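These notes concern the structure reproduced below.
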Amino acid sequence: MAKQTSRSNAKPIYVLNGPNLNLLGQREPHIYGTTTLADIEAMVAKHAKARSASVTCRQSNHEGELVDWIHEARTKGSGVILNAGAYTHTSIALHDALATLDIPVIEVHISNVYKRESFRHHSYISPVAKGVICGLGVQGYTLALDAILADIV
Ligand code: DQA
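Numbering (our numbering), first residue to last: 62 to 214.
The following block contains the structure:
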């Protein structure tokens, strides 16, 4: 019989943020709010801990670095929460990296990209994500975590 893995010793969920999201709190606050990325990461880590789960949080402005972390999550992670920022709308490399994963991927956007410019209406991430959370502000990250944890058990 397969050995049961409890959440507390499950692999971490990767929370990956792409370009310009390091400037959350300062960047276009009328669109993205005043919460910083550090605040979001602390909120997600606390939310995970309360559910006996853990997260690995990373941010990069570089596409290849995000690809490398997605590859890392293939073996070291139990899920990926990804806000790829503007790479959402441009990156076949991120699409291809995510397509290699056997773990759930949730795409997150703080803003409702469908209410914004038409160049934000196409996502290379959505076809390889289990689900998309968009326009619900920074709470989207904890909602994504709950969605993944609902699948893990
Ligand atoms: C974003 C939306 C993207 O269109 C934009 O390029 C971002 C942030 C969001 O969280 O709403 O950088 O992903």
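Quick reminder that beta carbons are idealized off the backbone N, C-alpha and C, glycines included.
Quantities reported herein were computed from a predicted structural model and do not represent experimental measurements.
Item                                                                                                                                                             : Value
Please name the residue, chosen from R177, H182, E178 and I164, that lies closest to Y75 on a Cα-to-Cα basis.                                                    : I164
Would you kindly check if the distance between the Cβ of H91 and the Cβ of T203 is under 8 Å?                                                                    : no
Does the beta-carbon of I171 have 16 or more other beta-carbons within 10 angstroms, so that it is buried, or is it exposed?                                     : buried
Can you list, in chain order, the residues of its chain whose CB lies under 7 Å from that of T97, leaving out five sequence neighbours each side?                : L85 and G86
Are C118 and V105 closer than 8 Å when you measure CB to CB?                                                                                                     : yes
Contact between the segment 184–200 and the segment 146–160 is defined here as three or more beta-carbon pairs at a separation below 8 Å; is this criterion met? : yes
For N144, write down the residues that DSSP places opposite it in a beta bridge.                                                                                 : N78
For H123, which three-state DSSP category applies?                                                                                                               : coil
Any idea what DSSP makes of V189, helix, strand or coil?                                                                                                         : helix
What residue range is occupied by the uninterrupted beta strand (DSSP E) comprising H182?                                                                        : That residue, H182, is in no beta strand (DSSP E); it is neither H nor E in DSSP.
Can you check which of these residues, E133, I194, V174 and E178, is closest to P73 by C-alpha distance?                                                         : E133
List the residues that DSSP assigns as beta-bridge partners of E89.                                                                                              : Looking at the DSSP assignment, E89 forms no beta bridge with any residue, so it has no partner.
How many whole angstroms separate the CB atoms of L82 and I142, which I take to be in contact at a CB cut-off of 8 Å?                                            : About 12 Å; that fails the 8 Å criterion.
Pick from S115, A114 and G125: whose alpha carbon is nearest that of P80?                                                                                        : G125
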